[in-house]
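The sequence shown begins at 2 in the working numbering and counts up one residue at a time. Built from N, CA and C at the ideal position, the CB exists for glycine as well. Keep in mind the model is a prediction, meaning the values are calculated, not measured.
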Amino acid sequence: MWNDSTILVALCSQKAARSAPTKGAIMSFAIITDSTSDISPTRAQELGIYVIPLHVIIEGEDLLDQVQITAQEYVARMAGSEQLPHTSQPSAGEFKALFDRVLADGHDSAIFISLCSEWSACYANASLTAETHELDVRCIDSRTGSGAEGLLVEYALAMREDGRSLDETEAQIRAALPDAHLLLIPRTLENLVKNGRAPKLAGQLTQMLNIRLAVSPEWKSGEIKAIKKGRGAKRIVANTMADCLAFLTEHPGSSVRVLTTGAAEEQDLVNQALAGQNYVDAGTGPIGCTIATHVGVDAIAISYCPRYQPAN
2 MWNDSTILVA LCSQKAARSA PTKGAIMSFA IITDSTSDIS PTRAQELGIY VIPLHVIIEG
62 EDLLDQVQIT AQEYVARMAG SEQLPHTSQP SAGEFKALFD RVLADGHDSA IFISLCSEWS
122 ACYANASLTA ETHELDVRCI DSRTGSGAEG LLVEYALAMR EDGRSLDETE AQIRAALPDA
182 HLLLIPRTLE NLVKNGRAPK LAGQLTQMLN IRLAVSPEWK SGEIKAIKKG RGAKRIVANT
242 MADCLAFLTE HPGSSVRVLT TGAAEEQDLV NQALAGQNYV DAGTGPIGCT IATHVGVDAI
302 AISYCPRYQP AN
């Protein structure tokens, strides 16, 4: 059983060692996100951000996303399991323990960028805890997840590094939310249907008609909606990437991140579509355990968002 203290050691011991303030030093605001941002633990340490893990429950075992099991290990285990795994948000107690640690590290304020509140109580638990905590935490509902949430986190980090204030960063991140896009192409809709994220009829029809759907969260409602369809990997990727390429034409120099739970063919096709485009490669990697639970094996997530532009 992992208690709050154990979680804090796993999440924050290396961060604390690097960021312990000298006497009288003034610390900038902290940046916190949850594990559905799909920022790997190694990357989080490099960036100097805090990540609170969600729980994934597979074959009766409760594991902390990317703390007790890696994304690659989880996908392999999920592929071989007859039981559908499910997920759970961090408790209010886990948030309190993390906020306590951030305060102990010398920060008096923080921005928390959360998974879409319609998908999880993660945002609600963080907001509830922040109301009575000494740490000044600005909780932001990203209205998305996976790489798009991660790009918003890195946007906030760029603002902090540019010397922007907590208030300025909060305001600009909120303004950027509608432009943080997440396009998901699952192999099938099975996991989304079973986890209540897609209608059963849609899953049945895609199987019957042998078509694939691309889905994306609707910004205002948080509902995951089908946006494109196509037979085979080439067609569904081409149809889906049309939206991304149009965005890059309108917002040149934007960040693009591509994450997968396999889907090597689809990733190659996405790379081909991006060739010659004016964008910043924000990296590739695995979809984290929580999001993988819902999109299944051999899925791809294409995320894009404008980059922060310093005033000078």
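Exposure label - R161; buried when at least 16 CB within 10 Å = Within the sequence shown, the letter at position 160 stands for residue 161. When all chains shown are included, R161 counts as buried.
query = The beta strand (DSSP E) spanning A227 covers which residue range?
reply = On the sequence shown, position 226 is the one that residue 227 refers to. Note, A227: beta strand (DSSP E), 225-231.
key: Close Cβ partners of I228 (< 6 Å) along its chain, the five nearest in sequence each way excluded   = Counting from one through the sequence shown, the residue named residue 228 turns up at place 227. So the list reads A215, S217, once near-sequence residues are dropped.
query = For L184 versus C245, is the C-beta spacing smaller than 9 Å?
reply = The residue you call residue 184 lines up with position 183 of the sequence shown. The residue you call residue 245 lines up with position 244 of the sequence shown. A contact, by the Cβ cut-off of 9 Å.
request  = Could you please give the first and the last residue of the uninterrupted beta strand (DSSP E) stretch that includes E171?
outcome  = For the purposes of this step, residue 171 is identified with residue 170 of the sequence shown, where counting begins at 1. No beta strand (DSSP E) contains E171, which is instead part of the alpha helix (DSSP H) from 167-177.
query = What is the rounded straight-line gap between the Cα of S255 and the Cα of E132?
reply = One-based indexing of the sequence shown puts residue 255 at position 254. One-based indexing of the sequence shown puts residue 132 at position 131. Rounded to the nearest angstrom, the two C-alpha atoms are 35 Å apart.
key: the stretch 116-134 contacting the stretch 155-172, beta-carbon criterion three pairs below 8 Å   = no
message = Pop quiz: L136 and F100 are said to be a contact at Cβ under 8 Å. What is the actual Cβ separation, rounded to whole angstroms?
response = Mapped onto the sequence shown, residue 136 falls at position 135. Mapped onto the sequence shown, residue 100 falls at position 99. That belief holds up - the Cβ atoms of L136 and F100 are roughly 5 Å apart, short of 8 Å.
ask   = Can you tell which of H108, Q67, Q90, G233 has its C-alpha closest to the C-alpha of Y124?
value = Locating residue 124 in the sequence shown gives position 123, counting from the first residue. For the residues H108, Q67, Q90, G233, the minimum Cα distance to Y124 belongs to Q90.
message = DSSP three-state label for L183, please.
response = In the sequence shown, residue 183 corresponds to position 182, counting from 1. The answer is strand: DSSP assigns L183 an E or B state.
query = Helix or strand or just coil, what does DSSP make of L116?
reply = As a first step, residue 116 is located in the sequence shown; it is residue number 115 there, counting from the start. The answer is coil: DSSP assigns L116 none of H, G, I, E or B.
Unbroken stretches of the beta strand (DSSP E), 3 residues or longer, contained in the stretch 227-281 = 255-261
request  = Taking Y50 and I32 to be in contact with their CB atoms under 8 Å, please state how far apart those CB atoms are, rounded to whole angstroms.
outcome  = Locating residue 50 in the sequence shown gives position 49, where the first residue counts as 1. Locating residue 32 in the sequence shown gives position 31, where the first residue counts as 1. Looking at the sequence provided, one finds Ile at residue 50 rather than Tyr. 5 Å between Cβ atoms; contact.
inquiry  = In the DSSP output, which residue or residues are listed as bridge partners for R139?
reply    = For the purposes of this step, residue 139 is identified with residue 138 of the sequence shown, where counting begins at 1. DSSP lists I112 as partners of R139.
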